[in-house]
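Numbering (the working numbering), first residue to last: 21 to 101.
Ideal Cβ positions, reconstructed from N, Cα and C, are used throughout, including at glycine.
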């Protein structure tokens, strides 16, 4: 979690029910090899995130994101036919 004060994660995240949202997360620490703890800037709460449920991940400068950040729903994931 290098430079976690300078950057936040912007990503699409699918919860356990398959609902997908676009979020901004400030990473705190890894919790094993498949999940991490982060401050969800949309919900304003610490949350655990499964790495396998994270899509379209990118780092953005933390100074560009103000809390509370907007939480928006993402449409269903397209599958190849």
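When the beta-carbon positions are compared, residue 50 and residue 61 stay at least 8 Å from each other.
CA-CA distance, residue 77 to residue 33, rounds to 9 Å.
Per DSSP, residue 73 is not a residue of any beta strand (DSSP E), being assigned neither H nor E. In the three-state reduction of the DSSP assignment, residue 35 falls in the coil class. Distance from the CA atom of residue 83 to the CA atom of residue 26, rounded to whole angstroms, is 7 Å.
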